[in-house]
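Numbering (our numbering), first residue to last: 1 to 289.
Structure (structure tokens):
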């Protein structure tokens, strides 16, 4: 496999304005924010950054920190739009804005893979606030959205209301993703497409412990069992882990070898508006036919 790059281009409600010296300046609708970015090793295009808020990281490299606001920003969030999907952005305690804009090319790719199918069934594991689920639902997919956080699932339901998609066939499930996938295998379920974005570390609703390096091989094995000869894709993203795209690509290749199709791997990145350079954000692997 030769690694490839999926590049997130700016759109009306989001853009990476500038980056450098370990930080990035982004626009989310009418608001601008500065956040830490370890991958931005270069110098920024401009030294004069003006933002409504900046996330100041804590001493712990694995998390912690606080927002410092220079102008009023709605604490309960504000609406944004991607394509035909509306959702709410919000300055969260975890330094991000309640969705991951670098996933935009993935949402488009999944829609393309489902094009021409009548109500394909999709599974979104670690679904968070549901923008990926809504991107699929708005294009005619039935979606099973799973996340261990009740708060995240409630936020996803709120986004569905905001997007006028509350009446679409989406199952909202608060559960440990690995346990849910294993139960779906025992039930004999199948899906046309699966997207999963597992964290490095997490806990399920009943205290289940998730560690990526330990749990990922088994989870991918179960996801493979939920696919069949008529399925269209499996997309895996991995953030903030010392792991190679080639490694997770080989994991998918071995598990999906009997399905035929194609396995690809590489990096997600976002194009900077100031100079057009690509800021890498995550690694991915995908199987598709």
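For glycine and all other residues, C-beta sits at the position ideal for the given N, C-alpha and C.
Remember, it's a predicted structure, so these values are computed and weren't measured experimentally.
Same chain only: Cβ atoms within 7 angstroms of residue i, ignoring 5 sequence neighbours per side
i, result
"residue 73", "31, 52, 53 and 91"
"residue 4", "264 and 266"
"residue 157", "172"
Cβ neighbours of residue i in the same chain (closer than 6 angstroms, five flanking residues each side left out)
i, result
"residue 81", "13"
"residue 139", "111"
"residue 123", "144, 191 and 194"
"residue 150", "174"
"residue 220", "251 and 255"
Test item: CB-CB of residue i and residue j under 9 angstroms
i, j, result
"residue 137", "residue 110", "no"
"residue 203", "residue 148", "yes"
"residue 1", "residue 250", "yes"
"residue 129", "residue 152", "yes"
"residue 265", "residue 285", "yes"
Rounded distance between the beta-carbons of residue j and residue i, thought under 8 angstroms
i, j, result
"residue 114", "residue 192", "7 angstroms"
"residue 184", "residue 16", "With 8 angstroms as the limit, residue 184 and residue 16 do not qualify as a contact, their Cβ atoms being about 37 angstroms apart."
"residue 269", "residue 102", "7 angstroms"
Closest residue to residue i among the options (Cα-Cα distance)
i, options, result
"residue 96", "177, 34 and 143", "34"
"residue 100", "120, 75, 76 and 133", "133"
"residue 76", "93, 70 and 11", "93"
"residue 45", "201, 220 and 22", "22"
"residue 57", "262, 66 and 29", "66"
"residue 240", "226, 228 and 198", "198"
"residue 10", "277, 238 and 289", "277"
"residue 106", "180, 226, 8 and 70", "8"
C-beta neighbour in chain D for residue i, strict 9 angstroms
i, result
"residue 250", "Absent here is chain D; the protein component of the structure consists of one chain."
Cutoff 8 angstroms; reference residue i; Cβ partners in own chain excluding five residues on either side
i, result
"residue 37", "19, 22, 23, 24 and 279"
"residue 40", "19, 20, 21, 22, 23, 24 and 279"
Could you tell me which uninterrupted beta strand (DSSP E) segments, each at least 3 residues in length, are contained entirely in the stretch 188-250, listed from first to last along the chain? Those beta strand (DSSP E) runs which fall completely within the stretch 188-250 and span 3+ residues are 193-196, 201-203, 209-211 and 233-238.
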